[in-house]
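Under this note's numbering, the very last position in the sequence shown is 209; numbers go up by exactly one each time.
Idealized CB from N, CA, C, for every residue including glycine.
Predicted, not measured: the structure shown is a model, and the values here were computed from it.
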Amino acid sequence: MKLLCSYLIDDGVYNIYLLITVLLPCLIYQGVMKIKAKSNMKKMQAKYYVGVYAFLVYLWAVFKVTGIGLLADIIRPGIRGGVNLRPFADLGIGFWLNIVMFLPLGIVTPCIWKKCESVRYTVRLGFAVSLLIECSQIFNGRATDIDDLIANTSGACLGYVMWFITRKIAGKNCGEKCKMAERKWEPAIYVALAFLGTFFLYNPYAI
Numbered sequence: 003m004k005l006l007c008s009y010l011i012d013d014g015v016y017n018i019y020l021l022i023t024v025l026l027p028c029l030i031y032q033g034v035m036k037i038k039a040k041s042n043m044k045k046m047q048a049k050y051y052v053g054v055y056a057f058l059v060y061l062w063a064v065f066k067v068t069g070i071g072l073l074a075d076i077i078r079p080g081i082r083g084g085v086n087l088r089p090f091a092d093l094g095i096g097f098w099l100n101i102v103m104f105l106p107l108g109i110v111t112p113c114i115w116k117k118c119e120s121v122r123y124t125v126r127l128g129f130a131v132s133l134l135i136e137c138s139q140i141f142n143g144r145a146t147d148i149d150d151l152i153a154n155t156s157g158a159c160l161g162y163v164m165w166f167i168t169r170k171i172a173g174k175n176c177g178e179k180c181k182m183a184e185r186k187w188e189p190a191i192y193v194a195l196a197f198l199g200t201f202f203l204y205n206p207y208a209i
């Protein structure tokens, strides 16, 4: 029982540490944007923050589950992952779980950002997030797999289809977005900041 409690506490510490590294650069970015919004007399609406933090918590969960490569992994000698460039080499349960994992990305992105309602943008974002993860895994002993890239991108696309169908049924005014969520490249900026924050600041080996 003591071992279980110790494991849960340690896991919680790592989770909080990872979440901080995801959020910190994004909070700095938000602070800059808030100052600019005040100078332009625009009000940062509460639903904007709710949507963005839901997006960031989702990224945190994806980074945790996938185990992205870190700067700390590069520094450690002798740890390198394998690479599979043969499509559909393994269509086991992992392939389908990767599709499910990226469904929220395809749903949440067009829900929050008005100018990101195209399937092209959402699929590109899903592809970019997956590519970042797969490339980073070269350095931490995990497999960089094209099947994961295909599955993740497909999941983002399928998530977008689910959002699009729901929007058609519920009406175009369903979930109207706030004015501050109109910056087209903001989701990509948050992805980049969250990834870079994790890559440079998260070092589980130091604890």
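Measure the C-alpha to C-alpha separation of PHE57 and ARG88 and round it to an integer number of angstroms. The C-alpha of ARG88 is placed about 31 Å away from the C-alpha of PHE57.
Considering only DSSP beta bridges, list what THR146 is partnered with. Note: THR146 sits in a beta bridge opposite VAL85.
Roughly how many angstroms separate the alpha carbons of CYS159 and GLY173, rounded to a whole number? Cα atoms of CYS159 and GLY173: separation of roughly 21 Å, rounded to the nearest angstrom.
C-alpha gap between PRO48 and THR124, whole angstroms: It is worth fixing the name first, because residue 48 is Ala in this sequence and not Pro. For the pair ALA48 and THR124, the Cα-to-Cα distance works out to about 24 Å.
Output yes or no for whether 8 Å exceeds the beta carbon distance between LEU20 and THR200. In contact: LEU20 and THR200 (Cβ atoms closer than 8 Å).
Which class does GLY98 belong to by DSSP, given the choice of helix, strand or coil? The identity of residue 98 in the sequence shown is Trp, whereas the question assumes Gly. Collapsing the DSSP output to three states places TRP98 in a helix.
Using 8 Å for Cβ pairs, my map puts ILE70 next to ILE135. What's the rounded Cβ distance? Between ILE135 and ILE70 the Cβ distance is about 5 Å, and since that is below 8 Å, they are a contact.
What first and last residue would you give for the alpha helix (DSSP H) that runs through PRO112? From DSSP, the alpha helix (DSSP H) with PRO112 extends over 105-114.
Which residue's Cα is closest to the Cα of ALA194: GLY14, LYS40 and PHE65? With distances taken between Cα atoms, ALA194 lies closest to PHE65.
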